[in-house]
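Asker:
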Amino acid sequence: MSGPEEFRGSAGAPSSSGSTLIEPREDIREAAMRPVMDRSRWWKLVVAGLSAIVLLGIVAWAVQLADGLGVSGYNNRAFWAVYEADLVAFIGVSYGGAVVSAILRLTKASWRAPLTRIAEATALVTLPIGMLFIVPHLGEPSRIWELVWPPYWNLSSPILWDFIAVSTYLLATTVFFYLPLIPDAKIALERINPEDRTLKARTLRALYRSVAGRYSGSYSDRRLLHGSIGLVAIMIIPMAVSVHSVLSFAFASSSRAGYLETIFPVYFVVAALYSGVALVVISVALLRKAYHLEKYITPRHFVRLGFIIAAMGAAYLYLTFTEYLVDGYSSTRDEAAWVRQILIGRYWIPFWFYFVAAGVLPLVVIAFKRFRNTKGIVVASSFIIFAMWVKRLVIVIPPATEALVKSPLKVATATGAGRLATSASAWGTYHFTWVPISITLAATAAIPLLLLVLFKFVPILPISEMEEMAEVDEVIETAQIAMERPGSWRGKKVALGHRGVSIAHAGAQMQTRRNEQ
Amino acid sequence: MIGKTYLTRMLVAAVVSIALGVSATWLLLPGVAGATTTTNLPAVQPSLTVQASEVPGKAVATISAVLTPLYSPAGVSMIPPGSKAYFYVHLSQFENSPLLLLGSSPLNSGGAARISYQPTWKGQQQVVVEVENSAGKALYQGSTSFVATRFVTPFKGAVEAIRPDGGIGRAVVVALLTIVGLVWIALLATAVRVNLGLGTRTTQKAVGA
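Here's what the structure looks like:
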């Protein structure tokens, strides 16, 4: 089972076990392989442009390594700032893709099929980018060794547990991406001309052969694969919840007002899901446009993702209200100062920007039919991504700039003479510099860059899944006709049995469709 | 034309106004009048002398402050009841060189206060002492500096030892790491199981058939 010849023709033919295989759909296969086969110049130009931005970020990081965290605007009165917000925001957006895909798989939502590959790929590429923010956040890169090498582990540090949780989630995301790719790798292998001896063709053949393994497309293979994907989907949901809960411990386990919040674990999870689904919308929209996938990814998909966004947005808005209500109601001196600074003080602009752009706007877009379309939902998602990043800044920076050591710490006005000016109400200030802005932009550019590169090797649509869904659609249609015309029932039942799909299953699918309508 | 009666009235009104103004000032500012009674005594500005030195062979420094003179020429104590000396050190490592409170001590009858201080870094240490009254108002201030040749590092000690990996925390950590390990094994096993399982059942059935 090693050459393409063995694979050829197996997709549509009955296997030796006697079970039938899914009918191949040439249009789906061609669309899925379009990015792999595409030779247009725009890809190179876009990749070059995005690479330049990533390079700028690397240069900025080198400058920070040489001159210290001070060049990024950090100081003793603003010890945590943009990198911690980036870490939370980027790992957060990875959460949406994987969890949405897992939930839709487990609930057997048939409309999910064209979205799952892009959603899972988005999760896969954003997670390592988010993890990398630990490096500039720590300042001294050699300290990474203390996270990676167990003898150096500081088990008291929430950052260490973040690293363990995120690494585990990365493994889960990789397996979750890999398993559905197995049948598609086999199909993709058939589409590479065996006579083609170019480096690209040889690389793709080797890649697809290693991913596909011994997959034959038989019923037993598909059953094994579906069972395993289901198992990982079940595992990935609590895992993603735990990742973001643990990420919030870095704040919630401190004694600083504004960080010490018991609501933070659930607050972070909802925020991650909210911004994550928004990123899936943007990724899907851009790739759909770039590779002309409008036939498969329809406005209906965007509207349904929009409903998920609206639900998450409302939940996040409520949690925000709860957080400030509880802190404001039972506030200590530090908490009162912090809440005041956010709502009407020095941080009111970013906070109310979040409120409008990620709190109200998405709900308005989804609520009114006039805006509830692809364009409206993509625009709302763009606002959500940016405003939720701003919200992470509002979470990270104000508590870090509040002076907690008030009475014993004073600012000297003169050395040894004159009265000392108390700094009891002084707040530190974080100033953005070009360094963190460049690094953040680089990370943002890395997402489409990695997606474009990934889909040069991997089918952009889950071929096997979509063909199965198309098959189910056909069977449902057949079953519908059979039910509406009792005379022809027997013949249709035989046809259904031959397809390997039970009447009961088709009936259940039909019921689901009706409910959806 | 302005009449004579009118000018007379204006003059009387002006005299009465000035008289009322002077009287009101005299009534409202008794302190001013009182202060003038003691101007024959010379003004005294007490000074706070601060001394700091390292205890030989130890990572400890002694900081003392003495107020002189203790009494005004009129015999009034310069140390109000409840006043305290607050000892600070300049944190020159940070911007604006803020002052960190080291401790406080009431002034004794001789106008002196003293504390011991363990430096946490080596080198020049600038200390400031401020005497405040019971209401927290700063009265006198003095400063000095000394060189610390020995110091106690703040980066080791009991803090890490009492955190989760000590006591019952050790069991929690072991349990959490076991769960993480099991999740890793389950994920990797799923991928391996799929890889090994694919194609095998088909082949067996085919052979059987």
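In order, the protein sequences belong to chains A and B.
Take 1016 as the starting number for the first sequence in my numbering and just add one per residue.
Take 8 as the starting number for the second sequence in my numbering and just add one per residue.
We treat Cβ as the ideally placed atom computed from N, Cα and C, and that holds for glycine.
What does the Cβ neighbour count give for Thr-44 of chain B, buried or exposed, with the cut at 16 atoms within 10 Å?
Answerer: Residue placement at Thr-44 of chain B cannot be trusted, given a pLDDT of 36 that sits under 50; the coordinates are not used to answer.
Asker: Around the C-beta of Arg-1237 of chain A, are 16 or more other C-beta atoms found within 10 angstroms, so that it is buried, or is it exposed?
Answerer: buried
Asker: Could you give the uninterrupted runs of the beta strand (DSSP E) lying entirely in the stretch 101-152 of chain B, keeping only those of 3 residues or more?
Answerer: 106-113, 119-124 and 130-139
Asker: Could you name each continuous alpha helix (DSSP H) segment of 4 residues or more that falls completely within the stretch 1233-1289 of chain A, going from the start of the chain to the end?
Answerer: 1234-1267
Asker: Taking a cut of 7 angstroms between CB atoms, which residues from the stretch 1222-1243 of chain A lie near chain B?
Answerer: Gly-1228, Arg-1229, Tyr-1230, Ser-1231, Ser-1233, Ser-1235, Asp-1236, Leu-1239, Leu-1240 and Ser-1243
Asker: Output yes or no for whether 8 angstroms exceeds the beta carbon distance between Phe-1105 of chain A and Ala-1458 of chain A.
Answerer: yes
Asker: Select from A:Ala-1046, A:Tyr-1339, A:Gly-1085 and A:Phe-1366 the residue whose C-alpha is nearest the C-alpha of Val-1354 of chain A.
Answerer: A:Tyr-1339
Asker: Quick check on the burial criterion: 16 or more other C-beta atoms within 10 angstroms. Buried or exposed for Pro-1261 of chain A?
Answerer: Checking the sequence, you will find Val at residue 1261 of chain A rather than Pro. So Val-1261 of chain A counts as buried.
Asker: Let me know the alpha helix (DSSP H) ranges lying completely inside the stretch 1116-1160 of chain A, each 4 residues or longer, listed in chain order.
Answerer: 1128-1147 and 1149-1153
Asker: Hey, could you find the ends of the alpha helix (DSSP H) Gln-1079 of chain A is sitting in?
Answerer: 1056-1082
Asker: Output needed for Arg-1303 of chain A: all residues of its chain with C-beta closer than 7 angstroms, excluding positions within five of it in sequence on either side, in chain order.
Answerer: Glu-1309 and Ile-1312
Asker: Thr-1455 of chain A and Val-1097 of chain A: beta carbons closer than 8 angstroms?
Answerer: yes
Asker: Where does the unbroken alpha helix (DSSP H) through Glu-1338 of chain A begin, and where does it stop?
Answerer: Bounds of the alpha helix (DSSP H) holding Glu-1338 of chain A are 1314-1344.
Asker: How about Ala-119 of chain B and Ser-71 of chain B: do their beta carbons lie closer than 8 angstroms?
Answerer: yes
Asker: Pull up the DSSP beta-bridge partners for His-1446 of chain A, would you.
Answerer: His-1446 of chain A pairs with nothing; no bridge assigned.
Asker: Whole angstroms are fine: how far does the CA of Pro-1050 of chain A sit from the CA of Leu-1476 of chain A?
Answerer: The alpha-carbon atoms of Leu-1476 of chain A and Pro-1050 of chain A are separated by roughly 10 angstroms.
Asker: Can you look up Asn-1495 of chain A in the DSSP assignment and give me helix, strand or coil?
Answerer: Reading the sequence as shown, one finds Gln at residue 1495 of chain A and not Asn. Reduced to three states, the DSSP call for Gln-1495 of chain A is helix.
Asker: Going by beta carbon distance, what residues of the same chain come within less than 7 angstroms of His-1152 of chain A, once the five residues before and after it are set aside?
Answerer: Tyr-1098, Glu-1099 and Leu-1102
Asker: Between Thr-56 of chain B and chain A, is the shortest Cβ-Cβ distance under 8 angstroms, so that the two count as touching?
Answerer: no
Asker: Who are the near neighbours of Ile-1324 of chain A in its chain, counting only those whose CB is closer than 8 angstroms to its CB and skipping five residues on each side?
Answerer: Tyr-1289, Val-1292, Ala-1293, Val-1296, Pro-1377, Ile-1381, Ile-1392, Ala-1395, Ser-1396 and Ile-1399
Asker: To the nearest angstrom, how far is it from the Cα of Met-1146 of chain A to the Cα of Asp-1342 of chain A?
Answerer: 31 angstroms
Asker: Please give the ranges of any beta strand (DSSP E) in the stretch 1354-1426 of chain A, keeping only runs that are unbroken, at least 3 residues long and fully inside the region.
Answerer: Along the stretch 1354-1426 of chain A, the beta strand (DSSP E) occurs as fully enclosed runs of 3 or more residues at 1424-1426, listed in sequence order.
Asker: Just to confirm, is the Cβ distance from Ala-1460 of chain A to Leu-1065 of chain A under 8 angstroms?
Answerer: Taking 8 angstroms as the Cβ cut-off, Ala-1460 of chain A and Leu-1065 of chain A qualify as a contacting pair.
Asker: Who are the neighbours of Thr-1183 of chain A on chain B, taking C-beta pairs under 9 angstroms?
Answerer: Val-187, Val-190, Trp-191 and Leu-194
Asker: Specify, as a first and last residue, the run of the beta strand (DSSP E) that Lys-1310 of chain A falls within.
Answerer: Here Lys-1310 of chain A belongs to no beta strand (DSSP E), and DSSP marks it neither H nor E.
Asker: Can you tell me where the beta strand (DSSP E) with Ala-92 of chain B in it begins and where it stops?
Answerer: In the DSSP assignment, Ala-92 of chain B falls within the unbroken beta strand (DSSP E) covering 91-97.
Asker: Taking a contact to mean a Cβ-Cβ separation below 8 angstroms, would you say Thr-1183 of chain A touches Val-190 of chain B in this structure?
Answerer: yes
Asker: Comparing C-alpha positions only, which one of A:Leu-1196, A:Leu-1320, A:Ala-1326 and A:Glu-1480 sits nearest to Phe-1470 of chain A?
Answerer: Checking every option, the nearest Cα to that of Phe-1470 of chain A belongs to A:Leu-1196.
Asker: State whether the stretch 94-112 of chain B contacts the stretch 60-67 of chain B, with contact taken as three or more CB pairs (one from each stretch) at a distance under 8 angstroms.
Answerer: no
Asker: Can you name the start and end residues of the alpha helix (DSSP H) that Ser-60 of chain B belongs to?
Answerer: Under the DSSP assignment, Ser-60 of chain B falls outside any alpha helix (DSSP H), being part of the beta strand (DSSP E) whose first and last residues are 54-61.
Asker: Rounded to the nearest angstrom, what separates Glu-1135 of chain A and Thr-1218 of chain A at their Cα positions?
Answerer: 23 angstroms
Asker: Tell me whether the stretch 137-151 of chain B and the stretch 69-89 of chain B touch, counting them as touching only if at least three CB pairs, one residue from each stretch, are closer than 8 angstroms.
Answerer: yes
Asker: Quick one: what does DSSP say Ile-1462 of chain A is sitting in, helix, strand or coil?
Answerer: helix
Asker: Please confirm whether Ala-1352 of chain A and Glu-1417 of chain A have their CB atoms less than 8 angstroms apart.
Answerer: yes
Asker: Just to check my reading of the structure: Trp-1449 of chain A and Ala-1075 of chain A have Cβ atoms closer than 8 angstroms, yes? What is that Cβ distance to the nearest angstrom?
Answerer: 7 angstroms
Asker: For Val-134 of chain B and Gln-148 of chain B, which I take to be in contact (beta-carbon distance under 8 angstroms), what is that distance rounded to the nearest angstrom?
Answerer: That belief does not hold up - the Cβ atoms of Val-134 of chain B and Gln-148 of chain B are roughly 11 angstroms apart, past 8 angstroms.
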